[in-house]
Amino acid sequence: MKVLHSIMTIVVVGFTIVACGTQSDKKSTRVESSEIEIEAIGQPDEQIRVAKSLIASSDASKVKAVNAKKMFKNYCAVCHGRKGNMGINGAEKLSKSSASLEQRVAQIYFGKGTMAPFKGIIKNEEIVAIAKYLDELKK
269 MKVLHSIMTI VVVGFTIVAC GTQSDKKSTR VESSEIEIEA IGQPDEQIRV
319 AKSLIASSDA SKVKAVNAKK MFKNYCAVCH GRKGNMGING AEKLSKSSAS
369 LEQRVAQIYF GKGTMAPFKG IIKNEEIVAI AKYLDELKK
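Numbering of the sequence shown is given in my numbering, commencing with residue 269 and proceeding in unit increments.
What follows is the structure, encoded as structure tokens:
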């Protein structure tokens, strides 16, 4: 039992480092989905364009099937809080955010400030589902 507790502690600490870690200064990011391939140069307009493509190319039934609340709890709550009202390490208070769906998808996909990018860590449909779930935190 002690070993299991130690392993779980290591996993949680590792996740916290990834979720709240620093973002690398990549100049180029390739986005791949089933039908699109876009080169993003790291400019906000390009990131929004990529986010729009991710939203458009995501299977709506797969997005709906995602347990976004659970994913938010597992990946985001460590910095943003379970209700999106906590800002650790520079994290925004999501319960008061006015970001559009496209902006939220871009921030989750590419990362922002000290928030690590989730590209390649979770599926595109999961990114879109979490971004949509953030509206629930404003209620």
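By construction, the Cβ of each residue, glycine as well, lies at the ideal position given by its N, Cα and C atoms.
Residue i to residue j span [Cα, whole Å]
i, j, result
"Glu-394", "Ser-366", "21 Å"
"Ser-253", "Ile-356", "As shown, the chain starts at 269 and ends at 407. That puts residue 253 outside it, with no answer to give."
"Cys-344", "Glu-314", "24 Å"
"Gly-349", "Tyr-377", "19 Å"
"Phe-417", "Asp-403", "Within the shown structure, residues of the chain are numbered from 269 to 407, placing residue 417 beyond reach of any answer."
"Lys-364", "Asn-353", "8 Å"
"Leu-322", "Pro-385", "15 Å"
"Asn-392", "Pro-312", "19 Å"
"Ile-389", "Ala-399", "15 Å"
"Asp-327", "Lys-320", "13 Å"
"Ser-301", "Lys-351", "Because the pLDDT of Ser-301 is 44, which lies under 50, any placement of that residue in the model is unreliable, and the question is left without a value."
"Gly-310", "Ile-316", "At Gly-310 the pLDDT is 46, less than 50, meaning the model places this residue with poor confidence; the figure from the coordinates comes in the next sentence. Approximately 10 Å between the Cα atoms of the pair."
"Val-318", "Glu-360", "22 Å"
Extent of the continuous alpha helix (DSSP H) run through residue i
i, result
"Leu-405", "First-last for Leu-405: undefined, no H or E at that position."
"Asn-392", "392-401"
"Arg-372", "369-378"
"Leu-322", "312-325"
Beta carbon proximity, residue i to chain D, threshold 8 Å
i, result
"Ile-390", "Any reference to chain D falls outside this structure, which holds one protein chain only."
Residue from the options with nearest C-alpha to residue i
i, options, result
"Ser-368", "Lys-406, Lys-391, Phe-340, Asp-327", "Lys-406"
"Met-383", "Lys-320, Val-346, Asn-392", "Val-346"
"Ala-397", "Ile-390, Ala-324, Val-331, Gly-388", "Val-331"
"Leu-362", "Lys-387, Asn-342, Val-318, Tyr-401", "Tyr-401"
Anticipated Cβ contact below 8 Å, residue i with residue j, distance rounded
i, j, result
"Gly-381", "Gly-358", "5 Å"
Given 8 Å as the limit, is there contact between the stretch 370-377 and the stretch 333-340, that is, 3 or more CB pairs closer than that? The stretch 370-377 is not in contact with the stretch 333-340.
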